[in-house]
Amino acid sequence: MSSEATSNRMAQVGRTWSKLAGWVSGRPERRTAERLPVRTASQDFVDSRPLAVREMGFDQPLVWVVLGLMAWSLVMVFSASIALPDNPRFGNYSPTHFVVRHGFSIVMGSVAALIAFQIPLRAWERMAPWLFLASIVLLMLVLIPFIGKGVNGARRWIPLGVINFQPSELAKLGVLMYAADYMVRKMEVKERFFRAVLPMAAAVIVVGMLLLAEPDMGAFMVIVVIAMGILFLGGVNARMFFLMGALVVAAFGMVIATSPWRRERIFAYLDPFSEDHALGKGYQLSHALIAFGRGEVFGVGLGGSVEKLHWLPEAHTDFLLAVIGEEFGLVGVLVVIAVFMWLTRRIMQIGRQAIALDQVFSGLVAQGVGLWVGFQAFINIGVNLGALPTKGLTLPLMSYGGSAILLNLVALAVVLRVDAENRVLMKGGRL
């Protein structure tokens, strides 16, 4: 063998041992690292450099879909509320009263979202316990008679002049952040029930008791789904998760069984057109179903809804989808469902990508927002279609409601920040 062949052979052996040594030490050489999947953290790159988030951009399709939903919501809120001033209850309002306030909420929420986007996820992680504590304090304040505002027997709002703030919406974000931060801190004990689950369960129970005192069972259901979903995605033992699920179902069943007016809602849902329910608890649902029936496949046309003319109460809030179904038909309803399915899937993908990049808190927060938007849209659509009992939950990003729009946009801005940080890491930058 020639000396040149021998030297080449020795060089090849040297490279092989170099690769093996790199993998054993946890520091693979650069060429190998570049071929690894996305799970490799940015710090593994030798030539990594700090990159500003603005260099990398964000998920533009997600932004355009959100803007499209809000633009459509302006049209539908105006259509659903234009006849309300004919009702003596709203006699002092102009036909554009609700759409102007809805537009103002969108603008205010957009400004808040721009501010939220500038905050790194590390800062959100530090603020998580304080945000949760602030939501608890506000949930207590809303129950005080001279602070909280009651409407239709429910005390859920704090008047702030330009907006009636609903603390339950902040509680959704607060519980989401706290649960994600909790799972990151408790990773080492997630297999032990009492050390890993009970403290989080106690926090959710405190929030639940305050929400049921308002009462606002719909918001409580969303918060429970967010908390349990983050626990599951964070790696809590499956047996413990299903045990918690059974306990939650039993708890909700007990709450319904001990509340006469909640039992009436269940009976009305089962038979909304009966003589006992058509003019009572089943009134909204029966007229929502009539609206969908009138819309048929392609709808009666924008502005042509009859049910919004004082037949369907609060059509611009919880039952906005019924007006969409009447005016745009089955096609319009399917578009709404498809858009929310795409939106939820996109948000969950961003969260999964962050976890693959070892940004566990960011990933759990994004997936928690996906659960929030997806589950609340599912409940609202199910209620409107008569598939679920009536609950006071709005359609995210579309129904009239300042607090809901504000917190939805802030939560989506946090998701966009997660996506922007993911892009920085995948380009070899540092946060």
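In our numbering, each residue carries its 1-based index in the sequence shown increased by 141.
Idealized CB from N, CA, C, for every residue including glycine.
Boundaries of the alpha helix (DSSP H) in which residue 313 is found, first to last residue: Numbered from 1 along the sequence shown, position 172 holds the residue referred to as residue 313. Counting along the chain, the alpha helix (DSSP H) containing residue 313 begins and ends at 308-326.
Residue 350 classed as buried or exposed, judged by whether at least 16 other C-beta atoms fall within 10 angstroms: Here the question's residue 350 lines up with position 209 in the sequence shown. Label assigned to residue 350: exposed.
Whole-number beta carbon distance between residue 505 and residue 371, since they are thought to touch under 8 Å: Locating residue 371 in the sequence shown gives position 230, counting from the first residue. Locating residue 505 in the sequence shown gives position 364, counting from the first residue. With a Cβ gap of about 5 Å, residue 371 and residue 505 count as contacting.
Contiguous alpha helix (DSSP H) assignments of at least 4 residues, all confined to the segment 241-289: You should have 262-282.
Per DSSP, cross-strand counterpart(s) of residue 530: Stepping through the sequence shown from its first residue, residue 530 is reached at position 389. Residue 530 has no beta-bridge partner at all, per DSSP.
Close-in-space but distant-in-sequence residues of the same chain around residue 360 (CB under 6 Å, 5 per side omitted): Here residue 360 is taken as the residue at index 219 of the sequence shown, counted from 1. Once the five neighbours on either side are set aside, the close Cβ partners of residue 360 are 309 and 352.
First through last residue of the alpha helix (DSSP H) which encompasses residue 299: On the sequence shown, residue 299 is found 158 positions in, with the first residue counted as 1. Where residue 299 is concerned, there is no enclosing alpha helix (DSSP H), although the beta strand (DSSP E) it sits in stretches over 295-300.
First and last residue of the uninterrupted alpha helix (DSSP H) at residue 410: Here residue 410 corresponds to residue number 269 of the sequence shown, with the count starting at 1. Per DSSP, residue 410 belongs to the alpha helix (DSSP H) from 401-411.
Check whether residue 466 and residue 439 have beta carbons under 8 Å apart: As a first step, residue 466 must be located in the sequence shown, where it is residue number 325. As a first step, residue 439 must be located in the sequence shown, where it is residue number 298. It is not a contact, given that the beta carbons lie outside the stated cut-off.
Beta-carbon spacing of residue 463, residue 525 below 8 Å: In the sequence shown, counting from the first residue as 1, residue 463 sits at position 322. In the sequence shown, counting from the first residue as 1, residue 525 sits at position 384. The criterion of a C-beta distance shorter than 8 Å is satisfied by residue 463 and residue 525.
Cut-off 8 Å between Cβ atoms - residues of its own chain near residue 255, not counting five sequence neighbours on either side: Here residue 255 corresponds to residue number 114 of the sequence shown, with the count starting at 1. 554, listed in sequence order.
Candidates 552, 231 and 380: closest to residue 260 by CA position: Numbered from its first residue, the sequence shown carries residue 260 at position 119. Residue 552 is the option with its Cα nearest to residue 260.
6 Å Cβ shell around residue 510 - same chain, five flanking residues per side excluded: Locating residue 510 in the sequence shown gives position 369, where the first residue counts as 1. Closer than 6 Å at Cβ, skipping near neighbours: 488, 552 and 556.
Where residue 288 falls, given that 16 or more other Cβ within 10 Å makes a residue buried: For the purposes of this step, residue 288 is taken as residue 147 along the sequence shown, with counting starting at 1. With fewer than 16 other Cβ atoms from the protein chains shown falling within 10 Å of its own Cβ, residue 288 counts as exposed.
First and last residue of the uninterrupted alpha helix (DSSP H) at residue 340: Here residue 340 refers to the residue found at position 199 when the sequence shown is read from its first residue. 339-354 is the extent of the alpha helix (DSSP H) around residue 340.
Sheet register partners of residue 291 (DSSP bridge): If you number the sequence shown from 1, residue 291 lands on position 150. Looking at the DSSP output, residue 291 sits in a beta bridge with 296.
Rounded separation between residue 427 and residue 281 - CA only: By one-based count along the sequence shown, residue 427 stands at place 286. By one-based count along the sequence shown, residue 281 stands at place 140. About 35 Å.
Contact check, residue 459 vs residue 540, beta carbons under 8 Å: As a working mapping, residue 459 is identified with position 318 in the sequence shown. As a working mapping, residue 540 is identified with position 399 in the sequence shown. For residue 459 and residue 540, yes; Cβs fall inside 8 Å.
At least three beta-carbon pairs within less than 8 Å, the segment 400-417 to the segment 376-386: At 8 Å Cβ cutoff, the stretches do not touch.
Member of 273, 234, 566 and 449 whose CA lies at the smallest distance from the CA of residue 318: Counted from its first residue, the sequence shown places residue 318 at position 177. Comparing Cα-Cα distances from residue 318 to each of 273, 234, 566 and 449, the minimum goes to 273.
Closest by C-alpha distance to residue 507, when choosing among 559, 547 and 476: As a position in the sequence shown, residue 507 is number 366, starting the count at 1. Cα-wise, what sits closest to residue 507 is 559.
Length of the line joining the Cα atoms of residue 210 and residue 538: Along the sequence shown, one-based indexing puts residue 210 at 69. Along the sequence shown, one-based indexing puts residue 538 at 397. Whole-angstrom Cα-Cα distance: 7 Å.
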